[in-house]
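For reference, the structure discussed in these notes is given below.
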Amino acid sequence: MHKTRIATLVWTGLLAGPAGWLIARIVHESTGLLPPVPLILPLFLVIFAALMFAGARMVQGWIHHRRHDRHMSPLRIARALAVAKAAELFGAALAGGYVGLAVVALDHFAAPMGREGMLMSALTAGAAVLATVAAVVLERSCLVPPEDEEERAGR
Numbered sequence: 001m002h003k004t005r006i007a008t009l010v011w012t013g014l015l016a017g018p019a020g021w022l023i024a025r026i027v028h029e030s031t032g033l034l035p036p037v038p039l040i041l042p043l044f045l046v047i048f049a050a051l052m053f054a055g056a057r058m059v060q061g062w063i064h065h066r067r068h069d070r071h072m073s074p075l076r077i078a079r080a081l082a083v084a085k086a087a088e089l090f091g092a093a094l095a096g097g098y099v100g101l102a103v104v105a106l107d108h109f110a111a112p113m114g115r116e117g118m119l120m121s122a123l124t125a126g127a128a129v130l131a132t133v134a135a136v137v138l139e140r141s142c143l144v145p146p147e148d149e150e151e152r153a154g155r
């Protein structure tokens with residue numbers, strides 16, 4: 001399995017930005033309101049990022065520092081890697097989409113609805129970037145370092 005390239009995540013965010021802008025624009029044109037951004041979403045993303053950072057620390061201790069305990073196993077690490085790979089792309093797409101929504105809200109910044117939409121969209125995009133960074137850290141911590149020649153000879 002290959003590491004996810006940062007360029008892939010950047011392109012995902014850049015492609016999701018116009019999609020978020022377009023969806024927000026269509027909703028605004030048809031209803032006269034901006035799409036609502038739930039307060040729980042940035043909070044959930046920050047909590048999710050914190051859990052991924054904690055998971056990265058545990059995995060890194062198990063793989064790199066040889067702290068073998070009963071709480072970690074190779075299967076758990078493989079599952080953490082799968083979650084990290086999915087969360088990277090999801091976070092990048094979510095960040096781009098909410099940046100697009102923030103651009104639409106910026107057009108209506110004079111109205112309270114526009115200010116609130118802009119603030120919540122920016123907050124959600126920032127939390128999504130944090131979750132993406134946490135997912136990248138978790139993915140990188142799941143990589144097993146190559147074995148030393150001395151270690152291989154001892155087997």
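Each residue of the sequence shown is one higher than the one before, counting from 1 in the UniProt record's numbering.
Backbone N, C-alpha and C define an ideal beta-carbon position, used for all residues, glycine too.
Rounded Cβ spacing between residue i and residue j (contact assumed at less than 8 Å)
{"i": "A131", "j": "A49", "result": "4 Å"}
{"i": "A19", "j": "G100", "result": "7 Å"}
{"i": "V136", "j": "I63", "result": "So it is not a contact: roughly 16 Å between Cβ atoms."}
{"i": "L89", "j": "T12", "result": "6 Å"}
{"i": "A105", "j": "G114", "result": "5 Å"}
{"i": "A134", "j": "M72", "result": "Not really, about 18 Å apart at Cβ, beyond 8 Å."}
Unbroken alpha helix (DSSP H) run spanning residue i, endpoints
{"i": "T8", "result": "6 to 31"}
{"i": "P145", "result": "That residue, P145, is in no alpha helix (DSSP H); it is neither H nor E in DSSP."}
{"i": "M118", "result": "112 to 141"}
{"i": "P35", "result": "P35 -> no alpha helix (DSSP H), and no H or E assigned at all."}
{"i": "F90", "result": "74 to 107"}
Other residues of its chain near residue i: CB distance less than 6 Å, five sequence neighbours each side excluded
{"i": "A128", "result": "L45, G91, L94, A95"}
{"i": "S141", "result": "A56, V59, Q60"}
{"i": "T31", "result": "none"}
Other residues of its chain near residue i: CB distance less than 7 Å, five sequence neighbours each side excluded
{"i": "K85", "result": "T4, E139"}
CA nearest to the CA of residue i, picked from the options
{"i": "G97", "options": "V37, A80, H2, L33", "result": "V37"}
{"i": "L33", "options": "A134, T124, P146, P112", "result": "P112"}
{"i": "H28", "options": "I40, V103, H65", "result": "V103"}
{"i": "M118", "options": "L39, V10, H2", "result": "L39"}
{"i": "A24", "options": "G17, P146, F109, P35", "result": "P35"}
Cβ-heavy atom distance, residue i to the ligand COA, below 8 Å
{"i": "T8", "result": "This structure does not include the ligand COA; it has no bound ligands of any sort."}
Within-9 Å CB hit, residue i to chain C
{"i": "E88", "result": "Absent from the structure is chain C; it holds one protein chain and no more."}
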